[in-house]
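Below is one structure, written out as structure tokens; comments come after it.
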Amino acid sequence: MIRLSRNATDIICKHLTAALPGETLSVLGLQDVHVVRALPTEIDQVIVSERRTDFVLELQDGTLLHLEYQKKPERNLMRFLTYDIALAKQFRTKVRTVVLYTGNVKDAPDTLDMGGAWYRVHNVFLNRFDGDAVLHTVGQHLDAGEWEPADRIRLAFALHMRFKERTRDQAFESVLELILRIPDDLEKNLVVACILGLTGRWLTPHQERRLKEAMEMTELLEHILMEAAKEAMEKGHRQGFEEGRRQGLERGLQQGIQQGIQQGLQMGEHQKAIQIAEKMYRRGASVSDVVELTGLTEQEADAILRKVSLS
15 MIRLSRNATD IICKHLTAAL PGETLSVLGL QDVHVVRALP TEIDQVIVSE
65 RRTDFVLELQ DGTLLHLEYQ KKPERNLMRF LTYDIALAKQ FRTKVRTVVL
115 YTGNVKDAPD TLDMGGAWYR VHNVFLNRFD GDAVLHTVGQ HLDAGEWEPA
165 DRIRLAFALH MRFKERTRDQ AFESVLELIL RIPDDLEKNL VVACILGLTG
215 RWLTPHQERR LKEAMEMTEL LEHILMEAAK EAMEKGHRQG FEEGRRQGLE
265 RGLQQGIQQG IQQGLQMGEH QKAIQIAEKM YRRGASVSDV VELTGLTEQE
315 ADAILRKVSL S
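The sequence shown begins at 15 in this note's numbering and counts up by one.
Here it is as structure tokens:
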């Protein structure tokens with residue numbers, strides 16, 4: 015399972031929001047899902063063993079889409095009900111829960127009868143989808159230059175579908191090959207964000223290593239953090255030396271490095287946001303889209319647009 019820092023998770027969530035426009039999730043049978051943004055998965059005051067849901071998305075109509083992943087049939091829906099009550103209370107809106115079943119799960123309850131009330135979830139059994147056909151479809155779209163947003167979801171969930179023509183490992187390699195064939199770097203970022211944000215927890219250690227190679231090529235995460243950390247270390251040593259003159263070299267270096275790393279990460283993220291904004295403008299994005307995705311201020315986004323328009 016890939017473990018991501020808070021900064022990395024924020025970056026991925028911003029990309030993930032842009033990766034799920036319109037009816038993108040309809041390829042999984044989910045209709046009327048227009049994503050506005052990804053929300054924090056920590057729930058306030060939930061009295062269960064795990065306070066973190068798998069994924070929560072805010073939709074265009076103001077409601078929430080709560081995604082849960084299961085490897086085994088969930089016989090007692092009370093846990094999901096507890097989450098949804100907490101979400102509804104915390105965000106004061108309706109909650110729609112979708113349970114995505116991986117592995118060989120073919121059936122699971124979707125209704126909880128509590129006598130005076132009913133609770134229902136929407137189950138999606140990924141093994142009912144033909145993975146070979148899905149990868150073939152994406153390949154055809156790339157060959158014809160007809161890539162579509164739904165292809166991001168197809169690649170993100172393909173590994174959990176059923177395959178007859180290839181093994182799971184072969185399917186994963188096919189997914190990576192298709193990612194690397196995507197001609198647009200920003201689009202590669204969005205696909206990798208979908209994989210990391212939606213299905214990354216189920217990757218094997220070998221698949222994690224292989225995906226990290228693709229991540230480096232897309233510059234989504236590791237390149238940002240590596241460059242930022244390198245710059246931060248240089249700043250940290252300089253600050254540490256000055257601090258060490260006052261409080262002792264050892265303590266000063268430690269504090270300086272920590273402060274430098276934080277500043278370096280922030281600078282690295284800001285520079286990457288500028289690069290993403292430039293690419294988005296060249297693809298016809300609006301200022302509001304750039305602000306929503308990158309986290310830049312409207313003034314910064316306007317300045318970048320003027321720069322791109324003159325180039």
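A virtual CB, placed ideally from N, CA and C, is assigned to each residue, including glycine.
Values in this document were obtained by computation on a predicted structure and should not be read as measured data.
For the segment 165-179 and the segment 136-156, state whether three or more C-beta atom pairs, one from each stretch, are separated by less than 8 Å. Cβ pair count under 8 Å is three or more, so yes.
Buried versus exposed call for Gly298 [16 or more other C-beta atoms within 10 Å across all chains shown]: Exposed is the call here.
Identify, in the order they occur along the chain, each residue of the same chain with its Cβ nearer than 8 Å to the Cβ of Val119, setting aside the five sequence neighbours on each side. Close CB contacts of Val119 within its chain, under the 8 Å cut and outside five residues either way in sequence, are with Gln84, Lys85, Lys86, Pro87, Phe139 and Asn141 (chain order).
Which two residues bound the contiguous beta strand (DSSP E) that contains Ala52? Unbroken beta strand (DSSP E) run through Ala52: Val49 to Leu53.
Using CA atoms only, rank isn't needed, just tell me which of Leu101, Tyr115 and Leu95 is closest to Leu126. Answer by Cα proximity: Leu95.
Drop a sphere of 10 angstroms on the beta-carbon of Leu324, count the other beta-carbons inside from all chains shown, and report buried for 16 or more, exposed for fewer. Counting C-beta atoms within 10 angstroms of its own C-beta, Leu324 has fewer than 16 neighbours from the protein chains shown and is therefore classed as exposed.
Proximity of Phe50 and Glu72 at Cβ, strictly below 8 Å: The displayed chain sequence assigns Val, not Phe, to residue 50. Yes, they are a contact pair.
Rounded to whole angstroms, what's the CA-CA distance from Leu101 to Glu201? Just pull it up for me. Using only the alpha carbons, I get a separation of about 31 Å.
Comparing C-alpha positions only, which one of Thr218, Leu114, Leu192 and Leu156 sits nearest to Gly43? Comparing Cα positions, the closest option is Leu114.
Along the chain, which unbroken stretches of the alpha helix (DSSP H) at least 4 residues long are found entirely within the segment 74-156? Unbroken alpha helix (DSSP H) stretches of 4 residues or longer found wholly inside the segment 74-156: 92-105, given in chain order.
If the criterion is Cβ atoms closer than 8 Å, does the pair His79 and Arg110 meet it? Checking the sequence shown, residue 79 turns out to be Leu, not His. A contact, by the Cβ cut-off of 8 Å.
Once you ignore the five residues that flank Arg195 on each side, which residues in its own chain have a CB closer than 7 Å to its CB? Correct list, in chain order: Leu156.
Could you please give the first and the last residue of the uninterrupted alpha helix (DSSP H) stretch that includes Gln313? Where Gln313 is concerned, the enclosing alpha helix (DSSP H) stretches over Glu312 to Leu324.
In angstroms, rounded to a whole number, what distance separates the CA positions of Lys103 and Ile193? CA-CA distance, Lys103 to Ile193, rounds to 40 Å.
Using CA atoms only, rank isn't needed, just tell me which of Gln313, Gly36 and Val70 is closest to Leu212. Of the residues Gln313, Gly36 and Val70, the one whose Cα lies closest to the Cα of Leu212 is Val70.
Grab me the residues of Ala291's own chain with a C-beta within less than 7 Å of its C-beta, minus the 5 sequence neighbours each way, in chain order. The residues are Val304, Thr308, Leu310, Ala315 and Ile318.
Quick one: give me the first and last residue of the alpha helix (DSSP H) that Lys202 is part of. Note, Lys202: alpha helix (DSSP H), Asp199 to Cys208.
Give the DSSP-derived three-state secondary structure of Phe69 in the structure shown. Phe69: strand per DSSP, three-state reduction.
Mapping DSSP to helix, strand and coil, what is Arg296? The DSSP-derived three-state label of Arg296 is helix.
May I have the straight-line CA-CA distance separating Lys286 from Glu160, to the nearest angstrom? Approximately 27 Å, taken between the alpha carbons.
Beta-carbon within less than 7 Å of Gly153's beta-carbon, same chain only, minus the 5 sequence neighbours each way: which residues are those? For Gly153, where only same-chain residues beyond five positions count, the Cβ hits under 7 Å are Leu192.
Where DSSP assigns a beta bridge to Arg176, which residues make up the other side? Answer is Asp144.
Less than 7 Å between C-beta atoms, sequence neighbours within five positions excluded: which residues of the same chain meet that for Leu204? If we look at Leu204 and ignore the five residues flanking it on each side, its Cβ neighbours are His29, Ala32, Ala33 and Arg166.
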